[in-house]
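Okay, structure coming up:
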């Protein structure tokens with residue numbers, strides 16, 4: 524049983540995004556189909572509790588610091604983040620590329636940790652925190668190791684929209700890409716999500732063999748998918764396998780790591 528006021532308040536919070544960080548009462552009222560009076564009451568409560576804050580000059584609203592505080596608590600207490608911190612930091616240190624950790628959630632991946640090398644790498648676009656699975660190495664690394672029925676269900680309900688000229692929008696080609704990822708143990712994003720950015724991702728597994736999430740290395744295309752691809756792929760797989768071991772599982776392809784060679788690149 525849902526409590527109507529709580530449900531409405533959560534719906535209002537869900538309207539805010541990186542593309543729409545500021546909303547007025549009229550905007551919110553139209554989006555949720557409630558009167559301005561009702562929306563005002565809900566907003567006052569959310570502001571009082573710190574979940575929203577009002578912008579002085581515009582009188583519109585944005586997410587409050589309480590959201591950030593809770594997000595930091597969640598990120599710090601996620602088991603995958605706790606287990607991945609040391610290995611991913613070492614991976615970033617040795618490659619001087621950006622490292623990310625992500626978990627599978629509702630047909631997409633949510634980036635839960637991001638590590639930059641020092642000096643900080645410059646990437647043309649800020650990822651996430653929620654990333655489409657079909658066009659990201661983080662997402663494809665998860666999709667490739669889902670149960671076949673889970674993957675088919677995902678493909679049936681997902682429209683493959685192009686974000687760049689290299690985004691895969693044909694499901695037969697995506698299936699082929701995922702089969703290659705499954706065979707090699709890693710997935711590749713050939714600037715499919717962001718122009719100029721390449722990425723290598725590998726899955727992380729729970730103790731029961733189910734995919735817990737994924738990790739990745741990303742940077743400028745020539746650095747990631749150039750002549751160092753094989754070495755970087757081994758680094759990502761090795762790091763993902765280490766995190767999986769910390770979670771209680773050893774991926775079967777880790778034993779054949781020494782013989783790994785990218786196929787079809």
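In our numbering, the protein residues as written are 524 to 788. Just so you know, even glycine gets a beta-carbon here, dropped at the ideal spot from N, CA and C.
Limits of the unbroken beta strand (DSSP E) element including residue i
i           : result
residue 655 : 653–655
residue 743 : 734–743
residue 726 : 720–728
residue 542 : From DSSP, residue 542 is part of no beta strand (DSSP E); its letter is neither H nor E.
residue 710 : 710–713
residue 586 : 584–586
Under the three-state DSSP convention, the category residue i falls into
i           : result
residue 644 : For residue 644, the pLDDT reaches just 46, beneath the cut-off of 50, and the residue's location in the model is therefore unreliable, although a value from the coordinates is still provided. Coil, per DSSP.
residue 773 : coil
residue 526 : coil
residue 768 : helix
residue 649 : Below a pLDDT of 50, predicted positions are generally treated as unreliable, and residue 649, at 43, falls in that range; the measurement from the model is reported next regardless. Three-state result, residue 649: coil.
residue 610 : helix
residue 629 : coil
residue 564 : helix
residue 754 : helix
residue 577 : strand
residue 665 : helix
residue 759 : helix
residue 699 : helix
residue 637 : strand
residue 683 : coil
residue 620 : coil
residue 534 : helix
Beta carbon of residue i nearer than 9 Å to that of residue j
i           : j           : result
residue 615 : residue 632 : no
residue 592 : residue 659 : no
residue 720 : residue 743 : yes
residue 585 : residue 578 : yes
residue 763 : residue 773 : no
residue 587 : residue 576 : yes
residue 770 : residue 590 : no
residue 698 : residue 683 : no
residue 669 : residue 611 : no
residue 822 : residue 687 : This structure does not reach residue 822, given that the chain is present from 524 up to 788, and the question cannot be answered.
Selected residue, minimal CA-CA separation from residue i, among the options
i           : options            : result
residue 748 : 655, 712, 762, 732 : 712
residue 653 : 674, 669, 629, 640 : 629
residue 551 : 562, 596, 668      : 562
residue 549 : 609, 582, 757      : 582
residue 555 : 531, 540, 574      : 531
residue 635 : 757, 697, 580, 596 : 596
residue 757 : 540, 568, 618, 600 : 618
residue 730 : 690, 767, 685, 609 : 767
residue 705 : 746, 690, 566, 674 : 674
residue 533 : 707, 566, 761      : 566
Terminal residues of the alpha helix (DSSP H) in which residue i lies
i           : result
residue 552 : 548–555
Discussion item. I'd like to know if the region 725–741 and the region 621–640 are in contact, where contact means that at least 3 CB-CB pairs between them fall below 8 Å.
Written reply: yes
Worksheet entry | Three CB pairs or more closer than 8 Å across the region 651–671 and the region 720–732 | yes
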